[in-house]
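Participant: Got a structure for you, questions after.
Number of protein chains: 2
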Amino acid sequence: MTELTEKLSSCVMQRLARYYLCIQRLHEQGLEWISSQELALELDLTSSTVRQDISHLDFSGISKRGYELDKLQQTLRSVLGLDKRFATVIVGAGNFGRALLLHDDFREKGFDIKAILDKDPKLIGKRIESYYIQSVDKLTAVVKKNKVWIGVIAVPASAAQAVADQLTAAGVKGILNLSTANVQIPQGKVIINSRIILDFIQLAFYLNI
Amino acid sequence: MTELTEKLSSCVMQRLARYYLCIQRLHEQGLEWISSQELALELDLTSSTVRQDISHLDFSGISKRGYELDKLQQTLRSVLGLDKRFATVIVGAGNFGRALLLHDDFREKGFDIKAILDKDPKLIGKRIESYYIQSVDKLTAVVKKNKVWIGVIAVPASAAQAVADQLTAAGVKGILNLSTANVQIPQGKVIINSRIILDFIQLAFYLNI
DNA sequence: TAGATTGTTAATCGATTAACAATC
DNA sequence: TAGATTGTTAATCGATTAACAATC
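Top line first, the protein sequences correspond to chains A and B.
Position 33, counted from 1, in the first sequence is what this note's numbering calls 55; the numbers after and before it change by one each time, with no gaps.
Position 2, counted from 1, in the second sequence is what this note's numbering calls 24; the numbers after and before it change by one each time, with no gaps.
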């Protein structure tokens with residue numbers, strides 16, 4: 023899989039993730055085969071792009087039939103790493119931290135949330151479903167004990183870098199940053215920035231007359 | 023502004039939004055000038071890209087000094103449409119719907135949440151801070167009464183298209199889709215897809231050995 | 001003035017699309 | 001077989017970067 027990770031451009035990979043979600047849905051609905059054209063239509067792409075993307079995979083379609091959903095789904099699952107499970111910790115028990123914790127979709131996709139932490143003494147000890155909010159002081163211990171790979175930064179921008187430093191020092195391999203801060207991390211670690219406010223701003227731009 | 027909307031590529035525009043957030047933060051911290059190189063460093067870009075992007079704006083830097091944060095921030099604010107206010111409605115009072123409602127950042131940036139709706143009778147009437155969850159049957163009335171421009175889809179993927187149809191029929195101009203469904207909307211309307219699960223999947227991919 | 005930094009042009013790089021032979 | 005659809009090559013398109021004259 024490592025060669026693929028190196029070969030696939032970030033553009034291609036992001037589309038593969040969308041193919042996966044789309045195919046999973048269609049497959050659940052009972053569909054068994056899909057052509058590059060149909061998949062393109064679903065996702066607002068060209069059939070050329072779809073074929074080009076899928077050609078990167080160790081998987082082939084069949085002329086006149088298209089792609090077998092079941093097999094393609096499995097291939098994508100494995101390429102994207104969704105056949106693994108990732109121990110995850112959420113730092114910040116604000117609205118977004120809680121929403122992530124409560125959202126079953128993440129667990130289903132393989133992201134096991136092991137703990138949620140906060141620095142606010144008023145929140146520490148509070149229960150959210152089966153979790154108790156823990157002190158951020160325990161971050162290192164929690165990461166080590168649970169072999170946590172992914173840390174989610176759900177704190178205000180001003181605290182984001184400090185949290186990122188703690189997370190990487192504790193040994194997480196990747197960070198999902200929900201804050202607006204641009205966080206620096208050591209070489210070899212992975213960071214993905216996920217900021218819904220940027221999507222709102224995009225909308226504002228396109229609606230601006 | 024309309025000419026700009028047409029000229030700016032989506033890539034450039036997304037970076038402008040990041041510049042805006044970054045500059046806002048630095049300006050609050052008291053910084054007054056920034057060079058293309060410094061801004062590039064903050065956001066992991068090249069100074070060339072930054073200068074190229076800023077050259078699209080009706081704004082100039084000064085040799086040897088760089089860009090005046092105050093003025094650049096104002097220019098970006100106006101280009102991105104953040105000097106306007108957008109009446110917004112949230113459909114779906116699940117974890118994410120509530121998180122958005124409670125997150126002050128959106129209101130600050132100009133997105134006025136007028137109502138939150140759900141179809142679950144158990145949720146309707148429930149209070150979240152100063153809001154009461156309303157029935158999704160009232161969607162059209164709420165949109166019309168409040169001159170809502172933006173609808174946020176925070177319902178499961180299976181219900182997303184129906185909600186999008188209702189929203190556009192009721193007259194919203196843009197949709198922010200948080201569901202994994204790929205929603206189709208009429209020409210002339212704007213849709214932005216915002217799916218945190220895709221960011222998680224990206225992380226899984228890069229962490230996959 | 002000398003040096004730094006912008007704004008802009010041209011070159012490079014990469015991503016998307018078109019086209020078509022191979023295949024079922 | 002005829003027709004449809006893949007896989008792949010080459011062409012196009014667009015985005016990023018390099019380079020440098022203009023400017024402060």
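Heads up, the beta-carbon is just placed ideally off N, CA and C, and yes, glycines get one too.
1. Between residue 44 of chain B and chain A, is the shortest Cβ-Cβ distance under 8 Å, so that the two count as touching?
2. Write down every uninterrupted run of the alpha helix (DSSP H) in the region 54 to 101 of chain B whose length is 4 residues or greater and which is fully enclosed by it, in chain order.
3. Under 8 Å between the Cβ atoms of residue 153 of chain B and residue 138 of chain B?
4. Find out if the Cβ-Cβ distance for the pair residue 226 of chain B, residue 202 of chain B is shorter than 8 Å.
5. When the Cα of residue 233 of chain B is compared with those of A:204, A:75, A:48, which residue comes out closest?
6. Do the CB positions of residue 198 of chain A and residue 174 of chain A come within less than 8 Å of each other?
7. Looking at the strands, I want to know which residues DSSP matches up with residue 109 of chain B.
8. On the CB-based measure, 16 or more other CB atoms within 10 Å of its CB, does residue 68 of chain B come out buried or exposed?
9. Between the region 52 to 66 of chain B and the region 89 to 97 of chain B, can you find at least three pairs of beta-carbon atoms closer than 8 Å?
10. List, in chain order, every chain A residue whose beta-carbon is nearer than 7 Å to that of residue 216 of chain B.
11. Any idea if residue 216 of chain A is buried or exposed, counting beta-carbon neighbours within 10 angstroms, 16 or more meaning buried?
12. Flag residue 64 of chain A as yes if its beta-carbon sits less than 8 Å from any beta-carbon of chain B, otherwise no.
13. Mind pulling the chain A residues with CB within less than 7 Å of residue 202 of chain B?
14. Ignoring anything shorter than 3 residues, give me the beta strand (DSSP E) runs that lie fully in the region 180 to 218 of chain A, in order along the chain.
15. What are the residues of the region 139 to 172 of chain B that lie near chain A, defined by any Cβ-Cβ distance shorter than 8 Å?
16. Return the CA-CA distance between residue 38 of chain B and residue 181 of chain A, expressed in angstroms with no decimal places.
17. If the cut is a Cβ gap below 9 Å, which residues of chain B does residue 108 of chain A touch?
18. Whose C-alpha, out of B:158, B:120, B:74, is nearest the C-alpha of residue 31 of chain B?
19. Identify the contact partners of residue 47 of chain A in chain B, using a Cβ-Cβ distance below 8 Å as the criterion.
20. Hey, out of B:71, B:108, B:107, B:60, whose CA is closest to residue 86 of chain B's CA?
21. Determine whether the Cβ of residue 191 of chain A lies closer than 8 Å to any Cβ atom of chain B.
22. Touching or not, the region 204 to 213 of chain A and the region 104 to 120 of chain B, by the rule of three or more beta carbon pairs under 8 Å?
23. Counting only beta-carbon separations shorter than 8 Å, does residue 125 of chain B have a partner in chain A?
Facilitator: The structure says:
1. By one-based count along the second sequence, residue 44 of chain B stands at place 22. Yes - at least one Cβ of chain A is within 8 Å of the one on residue 44 of chain B.
2. 58 to 65, 69 to 76
3. Residue mapping note: residue 153 of chain B aligns to position 131 of the second sequence, counting from 1. Residue mapping note: residue 138 of chain B aligns to position 116 of the second sequence, counting from 1. Taking 8 Å as the Cβ cut-off, residue 153 of chain B and residue 138 of chain B qualify as a contacting pair.
4. Locating residue 226 of chain B in the second sequence gives position 204, counting from the first residue. Locating residue 202 of chain B in the second sequence gives position 180, counting from the first residue. Not a contact, by the Cβ cut-off of 8 Å.
5. Missing from the structure shown is residue 233 of chain B; chain B here goes from 23 to 231 and no further.
6. By one-based count along the first sequence, residue 198 of chain A stands at place 176. By one-based count along the first sequence, residue 174 of chain A stands at place 152. A contact, by the Cβ cut-off of 8 Å.
7. Counted from its first residue, the second sequence places residue 109 of chain B at position 87. Per DSSP, B:134.
8. Your numbering for residue 68 of chain B matches position 46 in the second sequence. Exposed, by the Cβ-count rule.
9. yes
10. Within the second sequence, numbered from 1, the residue matching residue 216 of chain B stands at position 194. Here the neighbours are 218, 221.
11. Sequence index remark: in the first sequence, residue 216 of chain A carries index 194 (1-based). With 16 or more other Cβ atoms within 10 Å, it is buried.
12. Residue numbering aside, residue 64 of chain A sits at position 42 when the first sequence is read from its first letter. Yes, its Cβ sits closer than 8 Å to a Cβ of chain B.
13. For the purposes of this step, residue 202 of chain B is taken as the residue at position 180 of the second sequence. Per Cβ cutoff of 7 Å: 43.
14. 196 to 199, 212 to 215
15. 171, 172
16. As a first step, residue 38 of chain B is located in the second sequence; it is residue number 16 there, counting from the start. As a first step, residue 181 of chain A is located in the first sequence; it is residue number 159 there, counting from the start. Distance between the alpha carbons of residue 38 of chain B and residue 181 of chain A is about 23 Å.
17. Against the first sequence, residue 108 of chain A aligns to sequence position 86. Residues of chain B passing the Cβ test: 222, 225, 226, 229.
18. The residue given as residue 31 of chain B occupies position 9 in the second sequence. The option with the nearest alpha carbon to residue 31 of chain B is B:74.
19. Within the first sequence, the letter at position 25 stands for residue 47 of chain A. Result: 179, 202, 203.
20. The residue given as residue 86 of chain B occupies position 64 in the second sequence. That would be B:60, whose Cα lies nearest to the Cα of residue 86 of chain B.
21. Numbered from 1 along the first sequence, position 169 holds the residue referred to as residue 191 of chain A. By this cut-off, residue 191 of chain A is not an interface position.
22. no
23. In the second sequence, residue 125 of chain B corresponds to position 103, counting from 1. Yes, residue 125 of chain B counts as interfacial toward chain A.
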